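Enquirer: Submitted below is the structure of interest, expressed as structure tokens.
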Amino acid sequence: MKLHYYPETDSLYVEFRAGPGANTIEVTEGLHVDMGADGEVVGFDIDQASRRLDLHTLETEALPLHSIRAG
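Set out below in structure tokens:
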């Protein structure tokens, strides 16, 4: 899983798996889900992320992490 923040559009993309989305579903205003051709979730796109989320802190709980990378 990867988090991509785009300051120019203030959007946060949560990528669950690599690959293009074949279909996008708007769950609610400002929250879109990208679906792969196989019907599985590829990622979430959150508009106006800095207004909706605290982007200064990232916390995880009980994730079986094998590596952590910051870019």
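First residue of the sequence shown? That's 439 in this note's numbering, and the numbers climb one at a time after it. Beta carbons are placed, not taken as given, at the ideal position from N, Cα and C, and that holds for glycine. These numbers come from a predicted model, not from an experiment.
Do Tyr443 and Leu503 come within 9 Å of each other at the CB atom, strictly closer than that value?
Expert: Along the sequence shown, one-based indexing puts residue 503 at 65. Along the sequence shown, one-based indexing puts residue 443 at 5. Contact: no.
Enquirer: Would the beta-carbon of Ser449 fall within 9 Å of that of Ala508?
Expert: Numbered from its first residue, the sequence shown carries residue 449 at position 11. Numbered from its first residue, the sequence shown carries residue 508 at position 70. Cβ atoms of Ser449 and Ala508: not closer than 9 Å.
Enquirer: Note the first and the last residue of the continuous beta strand (DSSP E) segment covering Ser488.
Expert: In the sequence shown, the residue the question calls residue 488 occupies position 50. No beta strand (DSSP E) holds Ser488; the alpha helix (DSSP H) holding it covers 487-490.
Enquirer: Does DSSP classify Ile506 as helix, strand or coil?
Expert: If you number the sequence shown from 1, residue 506 lands on position 68. Coil at Ile506, not helix or strand.
Enquirer: Return the CA-CA distance between Val452 and Val480, expressed in angstroms with no decimal places.
Expert: By 1-based counting over the sequence shown, the position of residue 452 is 14. By 1-based counting over the sequence shown, the position of residue 480 is 42. Roughly 9 Å between the two C-alpha positions.
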